[in-house]
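*Asks:*
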Amino acid sequence: MHAKDLLAGLYGRFLQRPIRKVDQPLIIWMVPLIGPAVSHDWAKACALLDQTLGSIRAAGYDNWAVVLCCQQRPPTLPDDPRIHFLQVPELALSKGISDHSEKVRRMTDYVVKAFQGPAYVSHLDADDLMHPDLPGWIARDNNGRGYIVAQGYMMDWRSGRLAPLGQGPQSQPFWKQCGSCGYFAVDLGRQRWPGLYLRLIGKGHKSYMARAARLGRPLDPVPFPAMIYLVNHGDSVQVRKGNDKLPTVEELALTDPADEARAHAEFGLRRRDGAQGGAVEVIGR
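All residue numbers for the sequence shown refer to our numbering, where the first residue is 245 and numbers rise by one.
Here's what the structure looks like:
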């Protein structure tokens, strides 16, 4: 058994307690942004982040916070008190320790210290798009354990084409493809060792379901397509690992223009004139 799994089981057995119920729980997204020294095109990375934040701000739920971590503050970062920016220096890291992992560690420490009360904490990539109903649905259902996004889409940034994920008996669930998929209940200020709890869940999205269950808070699936995983924009972590997702979009993409337009509308997206800056933009519904 993996050491994290063993520790998760012990935490769930001896330290886990029911989370307090409140009418409007805080939803926190931790967003690591690639730095300008590493990015192929940092202006584009910032523009993608603008779209991600736009999808959050277009949602009909207001009790949220974003913790963004990067070496440099994005020039167009909104002046919104709910957006917390953590600036880190260029990191001299040991072999095997990634910049991404260190940013997640720092954001986790910040979340534990800066916020109080029942919350749902999520890892959100700085290029993915959220359905405007997702935060409100989580807050209303409020199971006190957490949620997993099983249904969504993979989108080609350049063309706007959409491949459904988790929307058929043979379709791989969204959470197996994209890390922007988990929401974990944490009672900040009351739960024992919440930072350890979040670290035991980890960042490996394919382990979220099993790890959360071991921790005593099994995840419920969100019952509608709730996220868009954006690919083919040039700065994807998966492309850097040699795992190009574009063939998946080409294989599974919607073929009926009406279905594609309907999905764009559900997410509050509009096609741009031409493909400058990507094929679609967030405008809200």
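For every residue, glycine included, the Cβ atom is placed at its ideal position computed from N, Cα and C. For clarity, every value in this text was computed on a predicted model and none was experimentally measured.
With 16 as the cutoff for other CB atoms within 10 Å, does L513 come out buried or exposed?
*Replies:* Numbered from its first residue, the sequence shown carries residue 513 at position 269. Under this definition L513 is a buried residue.
*Asks:* Smallest Cα separation from F559: which of L259, D377, P325 and A281?
*Replies:* The first residue shown for the chain is 245 and the last is 529, placing residue 559 beyond what the model contains.
*Asks:* Helix or strand or just coil, what does DSSP make of A523?
*Replies:* Here residue 523 corresponds to residue number 279 of the sequence shown, with the count starting at 1. Of the three classes helix, strand and coil, the one that applies to A523 here is coil, per DSSP.
*Asks:* List the DSSP bridge partners of L270.
*Replies:* Counted from its first residue, the sequence shown places residue 270 at position 26. The partner list for L270 (beta bridge, DSSP) reads A363.
*Asks:* Check this for me: beta carbons of V356 and P438, under 7 Å apart or not?
*Replies:* Numbered from its first residue, the sequence shown carries residue 356 at position 112. Numbered from its first residue, the sequence shown carries residue 438 at position 194. Against a cut-off of 7 Å, the Cβ pair of P438 and V356 comes out as a contact.
*Asks:* With DSSP as the reference, label F329 as helix, strand or coil.
*Replies:* Here residue 329 refers to the residue found at position 85 of the sequence shown. Strand, per DSSP.
*Asks:* What is the DSSP secondary structure of I472, reduced to helix, strand or coil?
*Replies:* Locating residue 472 in the sequence shown gives position 228, counting from the first residue. DSSP places I472 in strand when its eight states are reduced to three.
*Asks:* Who are the Cβ neighbours of V466 in its own chain at under 8 Å, not counting the five residues just before and after it?
*Replies:* Counted from its first residue, the sequence shown places residue 466 at position 222. Cβ within range, chain order: L378, W381, I382, Y391, I392, V393, A394 and Q395.
*Asks:* Taking the alpha-carbon positions, what's the K447 to T352 distance?
*Replies:* Within the sequence shown, the letter at position 203 stands for residue 447. Within the sequence shown, the letter at position 108 stands for residue 352. In a straight line, the C-alpha of K447 is about 11 Å away from that of T352.
*Asks:* Determine the extent of the beta strand (DSSP E) in which A429 is found, giving its start and end residues.
*Replies:* Sequence index remark: in the sequence shown, residue 429 carries index 185 (1-based). Segment G426 to L432, the beta strand (DSSP E) holding A429.
*Asks:* I think Y473 touches D372, with their Cβ atoms under 8 Å apart; what is that distance to the nearest whole Å?
*Replies:* The residue labelled residue 473 in the question sits at position 229 within the sequence shown. The residue labelled residue 372 in the question sits at position 128 within the sequence shown. About 6 Å; that satisfies the 8 Å criterion.
*Asks:* Which word fits I527, buried or exposed, when buried means at least 16 other C-beta atoms lie within 10 angstroms of its C-beta?
*Replies:* Taking the first residue of the sequence shown as 1, we reach residue 527 at position 283. When all chains shown are included, I527 counts as exposed.
*Asks:* Which stretch, first to last residue, makes up the beta strand (DSSP E) that contains V466?
*Replies:* Along the sequence shown, read from residue 1 onward, the residue named residue 466 stands at position 222. Taken as a continuous stretch (DSSP letters only), the beta strand (DSSP E) holding V466 covers D464 to V466.
*Asks:* In or out: P319 buried (at least 16 other Cβ within 10 Å) or exposed?
*Replies:* If you number the sequence shown from 1, residue 319 lands on position 75. The residue is exposed, with fewer than 16 neighbouring Cβ atoms inside 10 Å.
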